[in-house]
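Let me begin by presenting the structure, written as structure tokens, before commenting on it.
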Amino acid sequence: MGASADQLLMARRTKTTLPTTKALLKPRVVDCEQQRAAKVTRTKRYYNKHAKDLPPLQKGDTVSVQPFKEKGKWCRGTVTKRLDARSYEVE
Numbered sequence: 388m389g390a391s392a393d394q395l396l397m398a399r400r401t402k403t404t405l406p407t408t409k410a411l412l413k414p415r416v417v418d419c420e421q422q423r424a425a426k427v428t429r430t431k432r433y434y435n436k437h438a439k440d441l442p443p444l445q446k447g448d449t450v451s452v453q454p455f456k457e458k459g460k461w462c463r464g465t466v467t468k469r470l471d472a473r474s475y476e477v478e
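Our numbering applies: residue 388 is where the sequence shown begins, and numbers increase by one.
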């Protein structure tokens with residue numbers, strides 16, 4: 388989150404031989420939830436910038452599917468029925 392492990396543990400900058408101001412050595416609480424939410428928002432914005440909706444599939448279209456239990460293995464199938472907006476039954 389933009390800080391070293393020491394800084395996160397102590398909630399402040401650590402003392403060093405380099406000249407530094409006393410204000411930087413005072414504890415500062417970092418709001419991780421707010422930073423995480425901002426990161427999620429940024430990621431979503433960059434993804435949606437170039438993402439496009441796929442055209443709906445029709446009954447009889449040939450598709451490639453990855454079975455739920457067999458990760459990494461793709462199989463060919465045919466759309467038999469549309470279940471929801473982005474859900475299909477494939478045989």
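All C-beta atoms, glycine included, are put in the ideal place defined by N, C-alpha and C.
Using a threshold of 8 angstroms, state whether the C-beta atoms of Thr465 and Val477 are closer than that.
In contact: Thr465 and Val477 (Cβ atoms closer than 8 angstroms).
Which one or two residues does DSSP pair with Leu417 in a beta bridge?
Reading off the sequence shown, one finds Val at residue 417, where the question assumed Leu. None; Val417 has no bridge partner.
Answer yes or no: do Val450 and Leu444 have a C-beta to C-beta separation smaller than 8 angstroms?
Yes; because the gap between Cβ atoms is below 8 angstroms, this pair is in contact.
Taking the alpha helix (DSSP H) that Leu412 falls in, what are its first and last residues?
Looking at the DSSP string, the run of the alpha helix (DSSP H) that includes Leu412 is 409-412.
Distance, Cα to Cα, Val417 vs Leu395?
Answer to the nearest angstrom: the Cα atoms are 8 angstroms apart.
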